[in-house]
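Enquirer: Per the numbering used here, the sequence shown starts with residue 6, numbered consecutively.
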Amino acid sequence: MSSDITKSATQAVVPIPPLVSALNHSEQIKGKVEECAQELASVNAVIKEEITEHLPLEQVERALHQSEQVEDKVQECADDLSLVNQALTDEIRERRKLERKLAVSQIELADTQAELSDTQAQEKRARHLAFHDVVTGLPNRNLFNDRLRNALSQARRHAWRLAVMFIDLDKFKSINDSYGHDAGDKVLKIVSERLQTLVRDADTVGRQGGDEFLYLMLEVKTDADAALAAGKIIESIAQPCEFDGLTLSVKPSIGIAFYPEDGRSALVLVKNADSAMYAAKQSDKGYCFYALRKQLGTLDR
C-alpha cells in the first residue's frame, strides 16, 4: 500500500496539460512573430524603394498603412507572449508548490511507515509475550494448554494416544539461594534449549512456571516410547551447566500421564502428571507413570 502512495506522489510531478498547452501556444506565437517580421521587411523594402525611386504617394501611404497593421500584429504578439509567460510563471509556481507538498508527503509517509513498523513490532512482541515465557522463550502455560486441548481434539477424532510429562528440577531453589536469580535464569535457559533439541517437531515443550516444565508428546504407541523419551530428557538435563565460570547441575523428576487412560481433559492430564512427578522423586529412574503411582499407592502432595 505504501509503495502505491509513493508511486502516486511521484506521478504528480509529471508535466500536466496546462503547461503543455502554454508551451504549444508559445510555439504558435513564435510563428506569428516570424510572419510579422517578414511583413515588416516587405514594408521597409517598399519604403526604401519609394525613397530611392520616388514612387507615387498613394503607394507610400499604402505601405505605411501596411506597416501600421504589422505593428499592431507585433503588439498583439507581444501581448500574447506576455500572457504565455505569465501562464508559464504561474505553472512553474504551482509545480514548485506541488513538489514541496510531495516532499512533505514523502517525509510524512516515511514517518508513518516507521510508526507502523514500530507498532507492528510492538504488537508482535506483545502477542509473543502473551503466549511465551519471558525467561526461556518457551510456550507458557496458556499456550501449552491451548495446544494440549487441540491435541486432545485430534486424538479423540483419530483415536491417538498422547503423553503429558510434568518435569521438575530437583533442588533448583538452592541455586537461586546460593548464586542468585540471574544464575538460576541461565540454568533455566540451558534446560529449555536442551529440551527443545529433544522434542519432535509436532510435540510441544513449555514452561509451567518456576522450575517446572511440561512436555506434550503426540501419538505415543507404547509406554516404552514415553519411557525412552523421559530417559533421554533426564540424561540431557543432568549434564552440568557451565557459564560465567560456574558449573551447576540439576536433576529432573518426570511424571507421565497418558490420554485416554489417565485423563480425558487437559486439566486432569496435567494434574495427574504432576502427581506422578512427586512419585518420580522417589524413583531411581527419575520418572514415573501415573498408573504406576496409583498401583504403588503413592500419596498426592
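All C-beta atoms in this analysis are idealised placements derived from N, C-alpha and C, irrespective of residue type, glycine included.
(1) Give the straight-line distance between the Cα atoms of R212 and P144, rounded to the nearest whole angstrom.
(2) Nearest-angstrom Cα distance between C82 and S72?
(3) Can you tell which of M282, L114 and S47 has the C-alpha that lies nearest to the C-alpha of V3?
(4) Comparing C-alpha positions only, which one of Q74, K256, A229 and R166 sits nearest to E40?
(5) For L223 and Q201, I'd like the C-alpha separation in whole angstroms.
(6) Any idea which residues DSSP pairs L174 with across the strands?
(7) Report the partner residues of L219 according to the DSSP bridge assignment.
(8) Compute the Euclidean distance between the alpha carbons of K286 and A115, then round it to the nearest angstrom.
(9) Between the alpha carbons of V275 and D228, how many angstroms are there, rounded?
(10) Between I239, S197, I259 and K106, which lies nearest to A284 when the distance is taken from Cα to Cα?
(11) Check the DSSP bridge columns for F248 and list the partner residues they point to.
(12) With a Cβ-Cβ cutoff of 9 angstroms, do F149 and I261 count as a contact?
(13) Where does the unbroken alpha helix (DSSP H) through G236 begin, and where does it stop?
(14) For the structure I just gave you, are there three or more beta carbon pairs, one from the region 233 to 241 and one from the region 180 to 193, closer than 8 angstroms?
Expert: According to the structure shown:
(1) 6 angstroms
(2) 15 angstroms
(3) Here the chain covers residues 6 to 306 and nothing more, so residue 3 does not appear.
(4) Q74
(5) 15 angstroms
(6) P257
(7) F171 and G211
(8) 59 angstroms
(9) 17 angstroms
(10) I259
(11) L251
(12) no
(13) D228 to I242
(14) no
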